[in-house]
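Visitor:
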Amino acid sequence: MAKARKTGFRVTAHVTARILQRDLHDEVARMETQPRGKSYREMAVLLGVLFALAVFAASFGWIGLALYFAAALLLFY
1 MAKARKTGFR VTAHVTARIL QRDLHDEVAR METQPRGKSY REMAVLLGVL FALAVFAASF
61 GWIGLALYFA AALLLFY
C-alpha cells in the first residue's frame, strides 16, 4: 500500500508541477510533508478530472480520444 501511495503522490506531483510550471522535487516534497488527507484529496481530484476529460473526449469519438491521449502524452512526457 505504501508503494501505491508513493506512486500516486509522484504522479500527482508530476502533473501539478507540469501544469503550474513548478519544480518536480519541490512538489514531491510538498506532497509528502502536507497532511495525508489533503494529499489524498489532491490525488482524487486529479483522477476525477482526468476521468471526466476522458469521458468528454470519448463523446467526440475516436478523434476526441486521439486528442485526449495526445494531450496526456504531452503532459506526462
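In the numbering used here, the protein residues as written are 1 to 77.
For each residue, glycine too, the CB sits at the ideal point set by N, CA and C.
1. Please list, in chain order, all residues of the same chain as Val15 whose beta carbon is under 7 angstroms from its beta carbon, the five residues on each side excluded.
2. Since Ala57 and Tyr68 should fall inside the 8 angstroms C-beta cutoff, what is the C-beta to C-beta distance between them, to a whole number of angstroms?
3. Between the Cα of Glu32 and those of Ala72, Met43, Phe9, spot the shortest distance and give me the residue it belongs to.
4. Rounded to whole angstroms, what is the Cα-Cα separation between Ala17 and Gln34?
5. When you compare the CB positions of Ala52 and Val28, do they come within less than 7 angstroms of one another, or not?
6. Can you list, in chain order, the residues of its chain whose CB lies under 6 angstroms from that of Glu42, leaving out five sequence neighbours each side?
7. Can you tell me which of the three DSSP states Gly37 falls into?
Guide: On the basis of the data shown:
1. Leu46, Leu75
2. 4 angstroms
3. Phe9
4. 16 angstroms
5. no
6. Thr12
7. helix
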